[in-house]
DNA sequence: GAGCACTGC
């Protein structure tokens, strides 16, 4: 590597050889290759390519900081391939937090390198592996590389690993950083890393990687003027509306992007601005006001990319105003935006380890997010950003960067993955920001109860199997025990339905009654898991007909995704030698087998009726049945819940009616009456059951 | 009698 004359093929004749030939394919370069090469050369990162390669030769880790438009994602991995980091069957990998990014960047880079996608350049994401024997450069999701590491902790197939968008601090990227920090010091064969981030956290990354050299690449951005409120806003939503209206009335042509927190607020914003601007088309020009959020169907999302409406009145031009969630901050980029309105808020997930509950809360954003939002106004020409808070608040009240995901999540699965990676001492693992100690203890405790960890904290055979599934540990445990209850086919379907993207049941406003009636047709007397199973079976009986979904108020996309997940789970079951068997539907008690299978994974998430509400076992939290549950009117004595959500009340959602006997039979180690809250109904019930069983046993003897 | 920021395996 040391004597390598870098980048031998980029210019025809540059290194004296006949380099009209692509060294990776042996074919003549196409005309398009040279055309794209010209545009590549204009990217800011292109000038720094020799410097980057030199730094990489001299250091195991390089931190590269580059703003949007620097070209780092497409160019840096290519520079490394050209510098010889993908020789002898070894690869360069570049991770992305999102699937679409991995796919679209790989496609672009394959064009730039004049190769067929899936050959020398490819990508790997869940459900799709577009790589081959000849792949030298692979784009993948961070979660996918982590999966690979679980079977090959030293990532021996890779000569160099590029972690892109590291500033987003996803769970997977955080774990990969910690893992690779160790691997680069212990692996016998050479390995290099490039950690790429947006400007803000540069110093933090440099410090974490023991003073790794830093390469800073300017972005290509136009200046954006920032305007603050003179006084704090009493109501950011009202300010957002009036600012949008003000821009349309007074500012030069250019589209508007307004950041709000959620669907309801966004739809309300769209309504309000549309109403207020009725009849102004002739004077102010045609206006299109559009919503943007993740749960919007793709065709409606796509509309934000349509050009602004055109105007045939001279001197007047059209404009579009987009009200969006955070999705436009990272995942989607809309060109043509000149004005940004920043409410200063977003919805963020918080996790409370004490009661194991998750909640979404409207939270002030960080300065890093504010800068990112502002940047969205300067992509095509100089822009303006209206921040709906004061300059003082920006400087003094906003935190520098948001808390990373690892400090806001249940890390049960992460801990299981760490164990599979062979990480011994979890508490001292070198995370850039460690999770809260209580969250870590909760995760270890939970995995121990599930049987994934031994008393000594070592990963059990069951734990290894659980880690194979792309599911939360409770669900993996449920699938692994399912063959013992004779219903693994049903369990796989339920698991797939639970982990499908998006809500299965649609409830469009104005047609809620019809939607509820449609749902009632699938209702299972024992609860929501059974109802989901009924829906899945019906969906398959109707040959996955999307019209049938629509008529029955079911989310066709979610069902398709569930079916996809189901096939993946089935493959893993086969791989792990777990039998795929179905219950005998002629047995009137057939659902009991399924319910007991659910208990085998979710025994820690049980609630027992107490006066008007329910108390969770052990944690003794007061909860209520979510009104969407089919058990809402039935109110069983004891139930298993899939999730605990904090909204207007403490709700448990997606429920199944179970018997206390099953809890005692399936999880006796958890249902020791002595561990239950003193004199609670569940404790008394457990004691009664145990006494009853003992006296029966004595009677038999 | 109600709520859905955003990802990922």
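In full-length UniProt numbering, the protein residues as written are 1 to 701. Idealized CB from N, CA, C, for every residue including glycine.
- Annotated three-state conformation of residue 632 is coil, per DSSP.
- Boundaries of the beta strand (DSSP E) harbouring residue 646: 638–646, taken from the DSSP string.
- Residue 255 is bridged by DSSP to 337.
- When 678, 633 and 649 are compared, the shortest CA-CA separation from residue 657 is found for 633.
- Of the residues 162, 167 and 151, the one whose Cα lies closest to the Cα of residue 433 is 167.
- For residue 245, the CB contacts under 8 Å within the same chain, skipping 5 residues up- and downstream, are 273, 276 and 277 in chain order.
- In the assembly as shown, residue 136 is a buried residue. Its beta-carbon has 16 or more other beta-carbons within 10 Å.
- Within a 10 Å sphere around the beta-carbon of residue 139 sit 16 or more other beta-carbons, which makes this residue buried.
- From the listed residues 374, 349 and 368, the smallest Cα separation to residue 333 is found for 374.
- By DSSP's assignment, residue 196 forms a beta bridge with 64.
- Segment contact: the stretch 361–374 against the stretch 383–397, three or more CB-CB distances shorter than 8 Å; contact assigned.
- Between residue 574 and residue 532, the C-beta gap is not smaller than 8 Å, which leaves the two residues out of contact.
- By the beta-carbon neighbour count (other beta carbons within 10 angstroms, threshold 16), residue 477 is buried.
- Excluding sequence positions up to five before and after residue 130, its CB lies within less than 6 Å of the CB of 118, 122 and 123, all in the same chain and listed in chain order.
- The beta-carbon distance between residue 175 and residue 161, rounded to whole angstroms, is 13 Å. This is too long to meet the 8 Å contact definition.
- Between residue 65 and residue 212, the gap from beta carbon to beta carbon reaches 8 Å or more.
- The stretch 67–81 and the stretch 36–55 touch, with no fewer than 3 CB-CB distances between them shorter than 8 Å.
- By the C-beta density criterion, residue 230 is exposed, having fewer than 16 other C-beta atoms within 10 angstroms.
- For residue 530, the uninterrupted alpha helix (DSSP H) segment begins and ends at 528–541.
- The C-beta distance from residue 475 to residue 457 rounds to 22 Å, too long to meet the 8 Å contact threshold.
- Within the model, the alpha-carbon separation for residue 592 versus residue 534 is close to 15 Å.
- Rounded to the nearest angstrom, the gap between the Cα atoms of residue 410 and residue 356 is 8 Å.
- For residue 150, the enclosing alpha helix (DSSP H) stretches over residues 142–151.
- Of the other Cβ atoms in all chains shown, 16 or more fall within 10 Å of the Cβ of residue 172; this residue is therefore buried.
- Out of 594, 699 and 157, the CA that lies nearest to the CA of residue 495 is found in 594.
- Where residue 104 is concerned, there is no enclosing beta strand (DSSP E), although the alpha helix (DSSP H) around it starts and stops at 99–112.
- If the five residues before and after residue 75 are omitted, its C-beta is found closer than 8 Å to the C-beta atoms of 40, 43, 45, 46 and 49, all from its own chain and listed in chain order.
- Contact holds between the stretch 393–411 and the stretch 426–442, because three or more Cβ pairs, one in each stretch, are under 8 Å apart.
- Rounded to whole angstroms, residue 391 and residue 343 show a C-alpha spacing of 13 Å.
- Here the alpha carbons of residue 335 and residue 305 stand approximately 8 Å from one another.
- Spatial neighbours of residue 614 in its own chain (CB-CB distance under 6 Å, excluding positions within 5 residues in sequence) are listed in chain order as 607 and 623.
- Restricting attention to 557, 210 and 377, the CA atom closest to the CA of residue 185 is found in 210.
- Closest option to residue 202, judged by alpha-carbon separation, among 487, 419 and 214: 214.
- Here residue 84 is buried. Its C-beta has 16 or more other C-beta atoms within 10 Å.
- Assignment of residue 610 by DSSP, reduced to helix, strand and coil, places it in the strand class.
- In the three-state scheme derived from DSSP, where H, G and I count as helix and E and B as strand, residue 82 is classed as helix.
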